[in-house]
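The structure appears right after this line, and notes come after that.
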Amino acid sequence: METVQEGKADIRLQIVPVGAIDPGVLEMLRQGIAGVLPADVRFGEVLEPRAGAYDAKRGQYSAEAILNDLAARTSGELSGPVLGVADCDLYVPNLTFVFGAALGPAALISITRLKQEFYSLKADRDMLYTRMMTEAVHEIGHSYGMRHCFDPGCVMFFSRTIGDTDRKGFDFCETCRETMSRLSKPLLEISEDDPRLAPSLNIML
Ligand SMILES: [Zn+2]
Ligand SMILES: [Zn+2]
Numbered sequence: 000m001e002t003v004q005e006g007k008a009d010i011r012l013q014i015v016p017v018g019a020i021d022p023g024v025l026e027m028l029r030q031g032i033a034g035v036l037p038a039d040v041r042f043g044e045v046l047e048p049r050a051g052a053y054d055a056k057r058g059q060y061s062a063e064a065i066l067n068d069l070a071a072r073t074s075g076e077l078s079g080p081v082l083g084v085a086d087c088d089l090y091v092p093n094l095t096f097v098f099g100a101a102l103g104p105a106a107l108i109s110i111t112r113l114k115q116e117f118y119s120l121k122a123d124r125d126m127l128y129t130r131m132m133t134e135a136v137h138e139i140g141h142s143y144g145m146r147h148c149f150d151p152g153c154v155m156f157f158s159r160t161i162g163d164t165d166r167k168g169f170d171f172c173e174t175c176r177e178t179m180s181r182l183s184k185p186l187l188e189i190s191e192d193d194p195r196l197a198p199s200l201n202i203m204l
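In numbering that gives the first Met the number 0, the protein residues as written are 0 to 204.
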């Protein structure tokens with residue numbers, strides 16, 4: 000696949016493990032993201048979801064509560080977008096689940112529903128990698144200010160089902176690749192209408 004752009008890695012992106020998660024899976028994701036985005040991808044400290052983030056009735060964690068804690072990591076020395084990666088099921092109020100979500104410069108994905116085991120199928124590491132990359136690139140795209148795309152083969156298409164995720168993969172369509180390339184430049188090199196200058200306060204899925 001093509002990379003977004005050839006520029007130097009000016010963007011610092013932190014991957015934050017949310018609760019307990021397989022370190023091998025995280026490293027696979029780190030390398031994958033560094034390979035497709037012009038970013039210096041590092042690990043941040045583990046974030047333990049606070050007790051209030053868990054909804055016992057649903058048996059799920061609030062994506063918004065975790066995103067708010069992740070957003071607090073987007074300032075300071077390691078500033079730049081933050082991608083939280085969880086292995087617990089996530090929800091937002093009006094949906095039964097979400098694969099991921101983003102709020103301002105904070106992005107979050109859950110690998111729980113990306114594993115074949117969740118669907119009572121045999122574990123498949125390659126499939127998990129592709130799905131993780133797809134969800135991660137999508138949410139990072141939102142954290143850079145990107146919106147949804149109507150091309151079902153573009154990573155910025157909204158996934159309602161795991162089938163949508165598998166169909167689109169983690170490649171941008173031509174238009175979105177251009178937008179991402181522009182948005183992933185340092186703030187000094189971009190125009191005044193860049194969405195990052197007025198980050199969205201709405202949660203994006
Ligand atoms: Zn697109
Ligand atoms: Zn989305």
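Think of the CB as a built atom: it goes at the ideal place given N, C-alpha and C, for glycine as much as any other residue.
Practice task
Could you tell me whether any non-hydrogen atom of ligand 2 is closer than 7 Å to the CB of M203?
Solution key: yes
Exercise for the section: Using 7 Å as the cut-off, classify the Cβ of F149 as near or not near the heavy atoms of ligand 2, replying yes or no. Expected result: no
Exercise for the section: With DSSP as the reference, label E5 as helix, strand or coil. Expected result: Residue placement at E5 cannot be trusted, given a pLDDT of 49 that sits under 50; what the coordinates show is reported in the next sentence. In this structure, E5 counts as coil in the three-state DSSP scheme.
Problem - Contact set for M203: own chain, Cβ-Cβ below 7 Å, skip 5 residues either direction - result: Same-chain partners within the cutoff: A100, A101, H141.
Handout entry: Beta-carbon proximity of F96 to L107, cut-off 8 Å
Key = no
Problem - Cβ-heavy atom distance, F157 to ligand 2, below 7 Å - result: yes
Exercise for the section: Within the same chain, show all residues whose beta-carbon is closer than 8 Å to that of K7, passing over the 5 residues directly before and after it, in chain order. Expected result: Caution applies to K7, whose pLDDT of 48 falls short of 50 and renders its modelled position unreliable; the model cannot decide the point.
Exercise for the section: Could you tell me whether any non-hydrogen atom of ligand 1 is closer than 7 Å to the CB of T174? Expected result: yes
Exercise for the section: Given a cut-off of 8 Å, decide if S180 and I10 are closer than it, judged by their beta-carbon atoms. Expected result: no
Practice task
Tell whether a beta-carbon distance below 8 Å holds between A135 and I32.
Solution key: In this structure, I32 lies closer than 8 Å to A135 by Cβ.
Handout entry: Sub-8 Å separation of S109 and A85 beta-carbons
Key = yes
Handout entry: Y118 burial status per 10 Å Cβ neighbour count (16 or more: buried)
Key = Classification for Y118: exposed.
Practice task
Less than 8 Å between the CB atoms is what I'm expecting for L94 and E138, so what's the real figure, rounded?
Solution key: With 8 Å as the limit, L94 and E138 do not qualify as a contact, their Cβ atoms being about 15 Å apart.
Practice task
Please classify Y118: does DSSP put it in a helix, a strand, or coil?
Solution key: It is helical.
Exercise for the section: Compare the beta carbon distance of G43 and A64 with 8 Å and say whether it is the shorter of the two. Expected result: no
Exercise for the section: Can you say whether G58 is buried or exposed, counting buried as having 16 or more other CB atoms within 10 angstroms of its CB? Expected result: Per the 10 Å Cβ criterion, exposed.
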